[in-house]
Amino acid sequence: MNRQQKRALAILSSMSLTLLLAVAAVTMSIFHVRWLSILLLFFVAVVPCVGGVVFFRLRPAGGAVMFDERDMEIQRNANLASFGIAYLFLMLASFAPGFILGEKASIPVTWLPGMAVAAGVCHAYAFFVSLLIQYGRQGERNPTQTPRRWFCLRPSLKGQTK
Amino acid sequence: MSKLRKAAWFNLAVTTGCMLAAGLGFAFLTRVNAKGVVYVGIALVSACVLTPVFYVLCHRKGFEASFDEREKMIYRRAFALSAWVLMFFLAGICIVPFLALGGQNVIRAYCLPLIFLSTLFVAQFAHSVAILIQCERENNDGR
Chain A
91 MNRQQKRALA ILSSMSLTLL LAVAAVTMSI FHVRWLSILL LFFVAVVPCV
141 GGVVFFRLRP AGGAVMFDER DMEIQRNANL ASFGIAYLFL MLASFAPGFI
191 LGEKASIPVT WLPGMAVAAG VCHAYAFFVS LLIQYGRQGE RNPTQTPRRW
241 FCLRPSLKGQ TK
Chain X
34 MSKLRKAAWF NLAVTTGCML AAGLGFAFLT RVNAKGVVYV GIALVSACVL
84 TPVFYVLCHR KGFEASFDER EKMIYRRAFA LSAWVLMFFL AGICIVPFLA
134 LGGQNVIRAY CLPLIFLSTL FVAQFAHSVA ILIQCERENN DGR
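One line per chain: the protein sequences are A and X, in this order.
Following the working numbering, the numbering of the first sequence begins with 91 at its first residue and continues without gaps.
Following the working numbering, the numbering of the second sequence begins with 34 at its first residue and continues without gaps.
Structure (structure tokens):
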């Protein structure tokens, strides 16, 4: 697993955990278990921070190639895919209220920022999932190829320096 | 005029026309207060009419294949710029009503599809304008 995959996994897992905790916190607050919902909200704030710290702390070994043409292509594809999915989500979120309630119905203004935030979350999810899928596919295509080791202490150079 | 510039003008004109048509469509939907099956029915009929038109217009053979490297680069840059513009526009258009009206207020449901259509238009506008500006700049540099 290379550096990009590890970073994607860190962000994906922290995002998923945050979402689950947020849902649990809201559920607890509906059932009036306030102390638990406050505790869960604390973790909702902590988990993304941990994900972010892991994301930025995953550094390559000095001198290792960090980002080549293949990575750039993968990132470009992931960007396109996530952009498309976020836009599709936005389309659904825009048309659904009219479809369900009727065009003359009214909805709370809070729907708008909620829609933008949800589109952002969709984008992030799709981006990291797409990254993982693409790296996984490329690994399957070349099973004989030695996986690149982004974090190693350049073992091939160790012997040469002596 | 290069093919890229022609395409930019063409896309801009088609998008403007489509937005106007869609705006009229939504005015009609709002007038009849369409929802549920009626809404889906009208959307399906519109899609059935528009899809072949778009297919004919957009499925031109070798559209990007005829671009040279410079034009491909311009196209990519314009696309990236339009994505950024779209993102900022969307964030702005979602936050401004919230700040202006307050969280307790309500908006009409037909505003949402209009917001969506406006984002489409803004993205296409930014894309076409970015292509035209870049082409013009390169022409000026070449002189």
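We put the beta carbon where it would ideally sit given N, CA and C, even for glycine.
Taking 7 Å as the threshold (C-beta atoms), are residue j and residue i in contact?
i	j	result
Pro130(X)	Leu202(A)	yes
Leu170(A)	Val134(A)	no
Arg38(X)	Cys168(X)	yes
Ala176(A)	Ala124(X)	no
Ala60(X)	Leu191(A)	no
Pro198(A)	Val139(X)	yes
Ala168(A)	Phe217(A)	yes
If we ignore side chains and look at the alpha-carbon of each, how far apart do residue i and residue j end up?
i	j	result
Met118(A)	Leu109(A)	14 Å
Ala114(A)	Leu130(A)	7 Å
Met34(X)	Val155(X)	24 Å
Val28(X)	Ala46(X)	Because chain X in this structure spans residues 34 to 176, residue 28(X) falls outside the shown range and cannot be described.
Leu119(X)	Ala163(X)	13 Å
Leu115(X)	Ile166(X)	According to the sequence as given, residue 115(X) is Ser; it is not Leu. Their backbone Cα atoms lie some 13 Å apart in a straight line.
Lys68(X)	Phe179(A)	20 Å
Ala133(X)	Arg103(X)	44 Å
Ser151(X)	Val123(A)	43 Å
Thr48(X)	Asp161(A)	34 Å
Ala209(A)	Tyr215(A)	10 Å
Ala195(A)	Gln137(X)	16 Å
Ala111(X)	Gly204(A)	29 Å
Ala122(X)	Phe132(A)	With the sequence shown as reference, residue 122(X) is identified as Phe, and Ala is not the correct amino acid for it. Near 32 Å, if we compare the C-alpha coordinates of Phe132(A) and Phe122(X).
Met181(A)	Asp158(A)	35 Å
Within 10 angstroms of the Cβ of residue i, are there 16 or more other Cβ atoms? Answer buried if so, exposed if not.
i	result
Glu193(A)	buried
Ile148(X)	buried
Asn172(X)	exposed
Ser220(A)	buried
Gln94(A)	buried
Gly141(A)	buried
Leu57(X)	exposed
Ala41(X)	buried
Phe121(A)	exposed
Leu62(X)	buried
Leaving out the 5 sequence neighbours to the left and right, which residues in its chain are closer than 8 Å to residue i when beta-carbon positions are compared?
i	result
Pro138(A)	Ser104, Met105 and Thr108
Phe173(A)	His213
Phe100(X)	Lys36, Leu37 and Tyr108
Thr200(A)	none
Asn44(X)	Gln157, His160 and Ser161
Cutting at 6 Å between CB atoms, please list the residues of its own chain near residue i, excluding the five before and the five after it.
i	result
Leu126(A)	Met118
Phe145(A)	Arg97, Ala100 and Ile101
*Taking three-plus beta-carbon pairs below 8 Å as touching, is the segment 215-231 of chain A in contact with the segment 98-109 of chain X?*
no
*For the segment 117-130 of chain X and the segment 65-78 of chain X, state whether three or more C-beta atom pairs, one from each stretch, are separated by less than 8 Å.*
no
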